[in-house]
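Trainee: Sharing a structure, written as structure tokens. Questions coming.
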Amino acid sequence: MAYTTNLSDGRGPDGDPGAGATGIGALRFAVLAATQSGNALLVADMVAERLMLRGARTACVIDEGLQPETVLAESDVLVACVASHGEGDVPDGFLDTYRALADGRPDLSHLRYGLIGLGDRTYTTFCGGAWKVDGLLQELGARRIGPPCTIDASSQPFPDEDALAWLEAWLHGL
Ligand SMILES: Cc1cc2nc3c(=O)[nH]c(=O)nc-3n(C[C@H](O)[C@H](O)[C@H](O)COP(=O)(O)O)c2cc1C
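Written out as structure tokens, the structure is:
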């Protein structure tokens, strides 16, 4: 799903300051959703919507089944929203995409990214899937900006709350 701004003054639909508030108006964002039961997709959609509200040029959600190479090549910044399943693994539906990136080894040295990990602290490998994606992105040359946002489902039933609070602060570090 791709969102493209058509607001020429950089303001959000409710009149919020957009690009002027964060200086992100020239940036093309990709938002990765690596999900099994839907939480990471919900977060990714909310992040993309907020990015457009803040004046991003584009915010394209990379969902299951969409091969990410083209989107990543055409993006300046990635927000990776990654759930953990199994024992600290990436979600099953994301495995093909993960392997395609690991095998294809696209050069992502143009890309900056932020990481949102969705997990549960009752598992021994808290947010292990997100850390795997973090390692792969760095191997491919992408540069993480700031510390990740890790969201614990055992204490936070509304992951979008933590994710959007983190996003607002993170945007200022870009
Ligand atoms: C079978 C199963 C295995 C899980 N394994 C882990 C894990 O190893 N580490 C972790 O931090 N969270 C783990 N979780 C918690 C999920 O990552 C968490 O509920 C997350 O919000 C799910 O996001 P999703 O709906 O996008 O798939 C697991 C959940 C389930 C149901």
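Letter 103 of the sequence shown, counting from 1, is numbered 90 in my numbering, and no numbers are missing.
Glycine included, every Cβ here is placed at the ideal spot set by N, Cα and C.
Remember, it's a predicted structure, so these values are computed and weren't measured experimentally.
(1) Looking at C-alpha atoms only, which residue of F113, D63, G122 and V77 is the closest neighbour of S141?
(2) I'd like the ranges of any alpha helix (DSSP H) spanning at least 4 consecutive residues and lying wholly in the stretch 109 to 161.
(3) Our contact map puts P80 next to Q23 with C-beta atoms below 8 Å; I'd like the distance itself, whole angstroms only.
(4) Does DSSP put V34 in a helix, in a strand, or in coil?
(5) Nearest by alpha-carbon distance to V77: which of L19, H159, T57 and P146 is it?
(6) Roughly how many angstroms lie between the CA atoms of G75 and D139, to the nearest whole one?
(7) Any heavy atom of ligand 1 closer than 7 Å to the CB of T45?
(8) How many angstroms separate the CA atom of E126 from the CA atom of L40?
(9) So, is P134 buried or exposed, given that buried needs 16 or more other C-beta atoms within 10 angstroms?
Mentor: Per the coordinate set shown:
(1) In the sequence shown, counting from the first residue as 1, residue 141 sits at position 154. Of the candidates F113, D63, G122 and V77, the one whose C-alpha sits nearest the C-alpha of S141 is F113.
(2) 115 to 126 and 146 to 158
(3) Along the sequence shown, one-based indexing puts residue 80 at 93. Along the sequence shown, one-based indexing puts residue 23 at 36. One detail in the question is off: residue 80 reads as Gly in this sequence, not Pro. Correct: roughly 6 Å between the Cβ atoms.
(4) Numbered from 1 along the sequence shown, position 47 holds the residue referred to as residue 34. Looking at V34 - three-state DSSP - the assignment turns out to be helix.
(5) Position 90 of the sequence shown, counted from the first residue, corresponds to residue 77. Selected option, being the one with the closest Cα: L19.
(6) Taking the sequence shown and counting its residues from 1, the one referred to as residue 75 is at position 88. Taking the sequence shown and counting its residues from 1, the one referred to as residue 139 is at position 152. Straight-line Cα distance between these residues: approximately 13 Å.
(7) Reading the sequence shown from its first residue, position 58 is the one you call residue 45. Checking every heavy atom of ligand 1 against the Cβ of T45, none is found closer than 7 Å.
(8) Taking the first residue of the sequence shown as 1, we reach residue 126 at position 139. Taking the first residue of the sequence shown as 1, we reach residue 40 at position 53. Between E126 and L40, the C-alpha separation is close to 32 Å.
(9) What you label residue 134 is simply residue 147 of the sequence shown in a count that begins at 1. It is exposed - the Cβ of P134 has fewer than 16 other Cβ atoms within 10 Å.
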